[in-house]
Amino acid sequence: MTAKKLTVLIVDDHAIVREGLKSIISKSTDMEVVGDVGTAPDAMNVLRKRGCDLVLLDISLPGKTGLELLKMMRVEFPKVRVLVLSTYPEDQYAIRVLKLGAAGYLTKESAPDLLLTAIRKVAAGGKYVSASLAEKLLEEIGTEANRPLHMLLSDREFEIFKLIAVGRSLTEIADGMCVSIKTISTYRARIIEKTSLKTNADMTRYALEHGLIN
């Protein structure tokens, strides 16, 4: 009897990336791609109609972000394993996604063989993080008071913080997120309260010093 293949759903907003990932996975005899989509709603539709064993998830998605999709999946499909594959450095998002329920984090600069290794480990019930990230996680356990200021922010606060830091106006942010400028102003006030970074220039300086923006 042929062994059941591991089923993978790819969620990334770039078609060329999805094709590349499908090509890598197709070379493995123990797994297959059952869908590739570019948005959170499309991902949820595939999960509801067909399901899968593992979701390979990007953070930057149009509309609902990968973080928001991860939260939705944890509620509706708690048994589906999630491996985040992102362009963002580990120190920006890895700990956040692990706390939200992802089973691993890998950057898109990783080698194809490493991707397949991570997929298999996560699908088998394990966790996949790099050695450097594992060290950061151990450090965080005992040094809560010494966490960087940006780690005090919620996911949405962090997203808005980065947009402010790169020079986006509150109006631009509000329009991009389809919310009122009052809502964004409220988030900005929370960011200031949590970080004590009182001006946009302070936020930009901090973000640059910590490698959160280029």
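Residues in the sequence shown are numbered from 615 upward in steps of one, following our numbering. Where is the CB? At the ideal position from N, CA and C, for every residue including glycine. Please read these numbers as outputs of a predicted model, since none were measured by experiment.
Bridge partner(s) assigned by DSSP for Arg819: As a working mapping, residue 819 is identified with position 205 in the sequence shown. Per DSSP, none; premise fails for Arg819.
Within 7 Å, strictly: CB atoms of Leu671 and Gly665: Locating residue 671 in the sequence shown gives position 57, where the first residue counts as 1. Locating residue 665 in the sequence shown gives position 51, where the first residue counts as 1. Not a contact, by the Cβ cut-off of 7 Å.
Option nearest Ala716 by Cα separation, candidates Ser746, Thr643 and Lys741: Here residue 716 refers to the residue found at position 102 when the sequence shown is read from its first residue. Here the closest residue by C-alpha is Lys741.
From Lys641, Arg688 and Thr818, residue whose alpha carbon lies closest to that of Pro726: By one-based count along the sequence shown, residue 726 stands at place 112. Here the closest residue by C-alpha is Lys641.
Distance, Ala708 Cα to Ser685 Cα: By 1-based counting over the sequence shown, the position of residue 685 is 71. By 1-based counting over the sequence shown, the position of residue 708 is 94. The sequence as given places Lys at residue 685; Ser does not occur at that position. Cα to Cα, Lys685 sits roughly 15 Å from Ala708.
Candidates Leu668, Ile827 and Cys792: closest to Pro676 by CA position: To locate residue 676, count along the sequence shown from 1; it is residue 62. Looking at the Cα atoms, Cys792 is the closest of the given residues.
Ser799, enclosing alpha helix (DSSP H) - first and last residue: For the purposes of this step, residue 799 is taken as residue 185 along the sequence shown, with counting starting at 1. Its alpha helix (DSSP H) spans residues Ile795 to Thr809.
Reduced DSSP category for Tyr707 - H, G, I as helix; E, B as strand; rest coil: Along the sequence shown, read from residue 1 onward, the residue named residue 707 stands at position 93. Residue state, collapsed to three classes: helix.
Runs of alpha helix (DSSP H) lying entirely within the stretch 718 to 787, each at least 4 residues, in chain order: 726 to 737, 745 to 756 and 769 to 779
Endpoints, the alpha helix (DSSP H) within which Asp667 is located: Stepping through the sequence shown from its first residue, residue 667 is reached at position 53. Per DSSP, Asp667 belongs to no alpha helix (DSSP H) and is neither H nor E.
Local Cβ density within 10 Å of Ala629, reported as buried at 16 or more and exposed below that: Against the sequence shown, residue 629 aligns to sequence position 15. So Ala629 ends up on the exposed side.
Residue nearest to Lys852 in terms of C-alpha spacing, selected from Glu682, Ile733, Lys663 and Leu712: Outside the displayed span of the chain (615 to 828) sits residue 852, for which this structure offers no information.
Three-state class that DSSP yields for Gly715 in the structure shown: Here residue 715 refers to the residue found at position 101 of the sequence shown. Correct three-state label for Gly715: coil.
Val694, DSSP secondary structure in three states: Here the question's residue 694 lines up with position 80 in the sequence shown. Residue state, collapsed to three classes: coil.
Contact check, Ile639 vs Met645, beta carbons under 7 Å: By one-based count along the sequence shown, residue 639 stands at place 25. By one-based count along the sequence shown, residue 645 stands at place 31. A contact, by the Cβ cut-off of 7 Å.
Ser744: CB within 6 Å of a non-hydrogen atom of the ligand GDP: The ligand GDP is not among the ligands present in this structure, which contains no ligands whatsoever.
Of the listed residues Gln706, Leu720, Ser724 and Asp626, nearest to Leu683 (C-alpha basis): Residue 683 sits at position 69 when you count from the first residue of the sequence shown. Here the closest residue by C-alpha is Asp626.
Cα-Cα separation, Asp816 to Leu668: In the sequence shown, the residue the question calls residue 816 occupies position 202. In the sequence shown, the residue the question calls residue 668 occupies position 54. Going from the Cα of Asp816 to the Cα of Leu668 covers about 40 Å.
C-alpha distance - Met615 paired with Ser746, whole-angstrom precision: If you number the sequence shown from 1, residue 615 lands on position 1. If you number the sequence shown from 1, residue 746 lands on position 132. Model confidence at Met615 stands at a pLDDT of 49, short of 50, so the residue's coordinates are unreliable and nothing is read from them.
Per DSSP, cross-strand counterpart(s) of Leu699: The count along the sequence shown starts at 1 and reaches residue 699 at position 85. In the DSSP output, where bridge partners are listed per residue, Leu699 has Leu720.
Cut-off 6 Å between Cβ atoms - residues of its own chain near Ile778, not counting five sequence neighbours on either side: For this step, residue 778 is matched to residue 164 along the sequence shown. Around Ile778: Asn814 and Met817.
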